[in-house]
Each structure stands twice: as structure tokens, then as C-alpha cells.
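Encoded as C-alpha cells, the structure appears first; notes follow it.
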Amino acid sequence: MNIKRSSSLMLRHFYLIRSSFPRIFDLIYWPTVQIILWGFVSKFFTMHSDYFNNVAGVILSAAILYDFLFRSSISYNMLFLEEIWSRNIINLFVSPLKISEIILALTSSALIRTMIGLVPAALIAIPLFGISIFELGLPLILLLFSLYLFGVTLGLLVTAGLVRFGPSFENVAWASLFFIAPLGCIYYPVEILPNWVQPIALGLPLAHIFEEMRNILVNQSVDFKNIYYAIGLNFIYLTFAISIFYKSFSSAKQKGTLVNIGE
Amino acid sequence: MKRIEVKNLKKQFNTIEAVKGINFQINQSETLALLGPNGCGKTTTIGMLLGLITPTSGNIFINEQELNYKNHQFLSIMNFASPYVELPKKLTVLENLKVYGRMYLIKNLKDKIDQLVEDLNLKSFLNKRTGELSSGQKNRVSLAKSLINDPKILLLDEPTASLDPDTGDYVRSYLEKYKQENDISILLASHNMDEVTRLSDDVLMMKEGQIIDHGKAKELIDKHGRDTLEQVFLKLVREKNEH
Numbered sequence: 001m002n003i004k005r006s007s008s009l010m011l012r013h014f015y016l017i018r019s020s021f022p023r024i025f026d027l028i029y030w031p032t033v034q035i036i037l038w039g040f041v042s043k044f045f046t047m048h049s050d051y052f053n054n055v056a057g058v059i060l061s062a063a064i065l066y067d068f069l070f071r072s073s074i075s076y077n078m079l080f081l082e083e084i085w086s087r088n089i090i091n092l093f094v095s096p097l098k099i100s101e102i103i104l105a106l107t108s109s110a111l112i113r114t115m116i117g118l119v120p121a122a123l124i125a126i127p128l129f130g131i132s133i134f135e136l137g138l139p140l141i142l143l144l145f146s147l148y149l150f151g152v153t154l155g156l157l158v159t160a161g162l163v164r165f166g167p168s169f170e171n172v173a174w175a176s177l178f179f180i181a182p183l184g185c186i187y188y189p190v191e192i193l194p195n196w197v198q199p200i201a202l203g204l205p206l207a208h209i210f211e212e213m214r215n216i217l218v219n220q221s222v223d224f225k226n227i228y229y230a231i232g233l234n235f236i237y238l239t240f241a242i243s244i245f246y247k248s249f250s251s252a253k254q255k256g257t258l259v260n261i262g263e
Numbered sequence: 001m002k003r004i005e006v007k008n009l010k011k012q013f014n015t016i017e018a019v020k021g022i023n024f025q026i027n028q029s030e031t032l033a034l035l036g037p038n039g040c041g042k043t044t045t046i047g048m049l050l051g052l053i054t055p056t057s058g059n060i061f062i063n064e065q066e067l068n069y070k071n072h073q074f075l076s077i078m079n080f081a082s083p084y085v086e087l088p089k090k091l092t093v094l095e096n097l098k099v100y101g102r103m104y105l106i107k108n109l110k111d112k113i114d115q116l117v118e119d120l121n122l123k124s125f126l127n128k129r130t131g132e133l134s135s136g137q138k139n140r141v142s143l144a145k146s147l148i149n150d151p152k153i154l155l156l157d158e159p160t161a162s163l164d165p166d167t168g169d170y171v172r173s174y175l176e177k178y179k180q181e182n183d184i185s186i187l188l189a190s191h192n193m194d195e196v197t198r199l200s201d202d203v204l205m206m207k208e209g210q211i212i213d214h215g216k217a218k219e220l221i222d223k224h225g226r227d228t229l230e231q232v233f234l235k236l237v238r239e240k241n242e243h
């Protein structure tokens, strides 16, 4: 793997974002809207609920973290879709770029795009609602890392679909996270789910990540078991997603669909 | 030296045999034109040479080394240009050349870009977004991208399609000059028979996945008793259809 070659693809997306105010605005706008919306919902619960006294913090933190996951996955898909839409994808495939270098470039660029969206939204929540996700402390880094891995995993799987089936798979890119959100236990504990669904939810890293986020905010303690589970599960899913990505390339070459991917 | 050698190359998509065991070679400093009607297997053949399509059987040798579809290093000595493949529209010409120069690990990239800008007359729109350029300008930028790595093998798919005669002639003249100076081998797919006659050393006529004739343009014209290559093309394609 050559970092310089991989960075060329990152540079391409940096140029694209730098030159387009609507793109920068779009990256910041949606996370901010999410935070404001959920901030008011949380405030309402605070005034009308005695379930626990940190309900606003819990819901808003969940919204911020979920948005981080959403952005990292969608950013991944967007970077690939940009290449298809601009009819540039063949130029990439006929260059010496390796698949591993494409994955590295998309993964790094997606992180930058996601941070552009997350940081302003997280900062806005502090003066507006008096809530800071930074209260999660150092474990926040592990939670974000875990969410990012899962976002990249989903991004890889959807991108593999785009490679294999072409732009018609685009709709799945947008819907992918909505499919998985109910099982992710983002805004509620795993116990809320029906008994038979709970093992499925616990098989996803998301349930462990958001469980731990609530644990930290409500109990003011850290259960590293949840974090380790989440990271462990993430590596299993990520390995699976990478192998699917390679397989879809190989299959697209067999079927000849790479040649027509931009059409 | 054989830059490209293709032996009994076949590609089958489900029940359709797109390429039926073709053989050809392109030597150093030679231009081979691939002619044929739409759907004859030209794009599939180019796709296999570029590693975009895995052949069903047969062999491809690049610089006398068998092409390994798992190792894409052979692509560092090749490049490709087609009006049907575009560069990112929102990036300026300079940004696009920087991105691709980096992708091909070009040393002294600034010097290389300066040279291409000079040779292909890109200076006046170097900082303009690629999407805002005219077809002729885009075509020259696409050509610059395809030469950024000083390729030993250049694959061109209808390089002058949709260009006005003046710009088309400019591109053809540039390719002739570039080939003479840089010892490059070119595979040219085109429907423009005058272009093929002017640029190619050898012509392959394809139809229904097979090579139906080959030779120098002049030889083919004489052999078939016609006045132009276009007449030869029409004769061969229609002859076969009548059978």
C-alpha cells in the first residue's frame, strides 16, 4: 500500500470540498439541525419527566453520537458516489490505485468530512442547551472510534453494492442506517426491545456503544466491558465488510459492470 | 519489443460470447487501430487490457509479462483517455493534474505539469473548473491526464469524437508528434476512418467478437479493391451480415 497514492484521492475530495461552500454548509447544517431539534425534545422531557434527572444530556448525547455514525457512513458512500456522478470512476480504476489504497482514502476522507459536521454541532449544544458530549470524558474517544468503525463498515458494504450493482444501489446507501437504527438502541435501553430481538441487538456494536454512553452519563461510571465488546464486534464486521468489498470488485470484473458503472 | 500481446482472448457474459478468442500484438512505437461496429467487442477488449474485465480465458502480456489481475502495477506504465470518461468537473484543471500526478507517483510533478500545460496549450484555462471547459478544452485536459505518467502504452477510445475538425486535427497532430518523440505504443479505438488511416500502423477489423481482417490501412484498401478504409469497413461488415 502506498500512502502517497492513496492521499491523491483524499486530495481530490479536499479540493472538491474546499471549492464548494454548499458542500461545507451541507456538512455542518444537518448535524446542527439534528442537535437543535433533539435539544428541544430533550428539554421538553426534562421539564415533564422524573425518569432520571439527566434525560436531556442522555438524549442529546445520543443524537450527537448517532449523527456521528450517520455522517461517517454516508460520507463514505458520498465520496464514492461523487466519483460515479462525475464520471471519473473509470479513471480511478485504470490507475495503479490498489483497492486497499481506495479503502484507506475513503476511510480517511470520510473521517475529515464527519468531523467538519460534528465539531460545530457539539460546540453549539454547549451554550444552547448547557450539554456537552465532552462530559463523557476519555471514553468518548473510544465510543467515537467504535462508532466510526461501524460507520465505515456500513459504508464499505454499501460501496461494495455500488461497485457490484452500479448507481441503482444508491437508494440503499441512504436507507442503510435507518434499517439498523431500531436495533441500535440509540435512544432506549436494550430491555425495551422484545425478548427475542435483544440477542440480535446485542450482536451489533451499536447497542453496546449507546448502552455505555447512558451508563456513563447516568451512573457516572465506566464499564469497559461494553466498550471492548463494541470494538471487538466492530473488527469482526469490518473484516467481513472488507472481504465483501474485495469480492464485489472481483465479481464486477467478471461481469464487466465496472466499465459501465458511470452510466 | 512487444508492448502488448494478446493470445486466444475470450470473454463470455452469461450466454453471450463478447470476444471469441482473438490474437494480436502491438510492438514498441506502433499504433494499432481497433475498428468495428458497435457491440463488436472493442470496449470489452480494451476493458480486459486495462484490468477492468477479467477474461474468461486466454492471455494478455504487457511488456512481455503476463498480466496479473491481482497486481495492478502494470497500470503504472499505461494510461487511458476517452471522451466518455470525464475528470471531476468541480476541480480546476491544475487540481485534476495534481491529483492524477500524485496517483501515478510522478516525481517532479510541477515540471511535468508545466510541460503538459505548454505542450497542450492549457495555460489560459489552467485555473478554471474542468466542468466549465468546452469539449475541445476538456479533450486536451483528458489527454494531459493520460500522459501525466509518460505511459509506454496509451489506450485511446474515440479520442476525437465530438470535436470540431480544427481541434480534432490539433489532437491528431499532437499524438503523432508525441508518439515520435516518446517511443510510445498506442491502441486506438475509433469510428473515424481518416483518423485511423492517418495515425495507425496496423488495423484490426472486429465483428461479433472476432477479428475479421487485419493489416496496414493501405494494404486493406488495396486488398479489398476500395478507395478508402471506410469502404473496406462497410464491405467487411455487410459481407459478413449477408452470410
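Read top to bottom, the protein sequences are chains A and B.
According to my numbering, the first sequence is numbered sequentially starting from 1.
According to my numbering, the second sequence is numbered sequentially starting from 1.
Ideal Cβ placement from N, Cα and C applies to all residues, glycine included.
Values in this document were obtained by computation on a predicted structure and should not be read as measured data.
Each of B:203, B:101, B:106 was checked against the Cα of residue 25 of chain B, and the nearest Cα belongs to B:203.
When the Cα atoms are used, residue 116 of chain A and residue 28 of chain A turn out to be separated by approximately 7 Å. Per DSSP, the beta bridge partners of residue 60 of chain B are B:6.
In this structure, the alpha-carbon of residue 135 of chain B lies about 47 Å from that of residue 235 of chain A. At the C-beta level, residue 160 of chain A and residue 245 of chain A come within 7 Å of one another.
Listed along chain B, no residue sits closer than 7 Å to residue 166 of chain A by beta-carbon distance, the nearest being about 14 Å off.
When secondary structure is reduced to three states using DSSP, residue 205 of chain B falls in the strand class. Pairing residue 239 of chain A with residue 229 of chain A, the inter-Cα distance amounts to about 16 Å. Using a Cβ distance threshold of 7 Å, residue 193 of chain B and residue 40 of chain B do not count as a contacting pair. Using a CB distance below 8 Å, no part of the region 199-228 of chain B faces chain A. Secondary structure of residue 156 of chain B (DSSP, three-state): strand. Cα atoms of residue 72 of chain A and residue 121 of chain B: separation of roughly 41 Å, rounded to the nearest angstrom. At a cut-off of 7 Å, the C-beta of residue 93 of chain A has a neighbouring C-beta in chain B. Ranked by how close their Cα comes to the Cα of residue 178 of chain B, the residues B:125, B:53, B:45, B:152 have B:152 in first place. Cβ atoms of residue 54 of chain B and residue 253 of chain A come within 8 Å of each other, at about 4 Å. Around the beta carbon of residue 16 of chain B, fewer than 16 other beta carbons sit within 10 angstroms, so the residue counts as exposed.
Cβ-Cβ distances below 8 Å link residue 77 of chain B to 62, 63, 149, 151, 152, 153 in the same chain, with the five nearest sequence neighbours on each side left out; the list follows chain order. Under the criterion of beta carbons closer than 8 Å, residue 91 of chain A and residue 87 of chain B qualify as touching, at roughly 7 Å. In the structure shown, the three-state DSSP call for residue 141 of chain B is helix. When A:6, A:226, A:257 are compared, the shortest CA-CA separation from residue 105 of chain B is found for A:6. For residue 17 of chain B, there is no enclosing alpha helix (DSSP H); the enclosing beta strand (DSSP E) covers residues 16-27. In this structure, residue 124 of chain B keeps its C-beta atom at 7 Å or more from the C-beta atom of residue 158 of chain B. Under the 10 Å beta carbon count, residue 25 of chain A is surrounded by fewer than 16 other beta carbons and is classified as exposed.
In the DSSP assignment, residue 11 of chain B is bridged to B:19. DSSP, reduced to helix, strand and coil, places residue 79 of chain B within a strand of the structure shown. DSSP places residue 227 of chain B in the coil class of the three-state scheme, outside both helix and strand.
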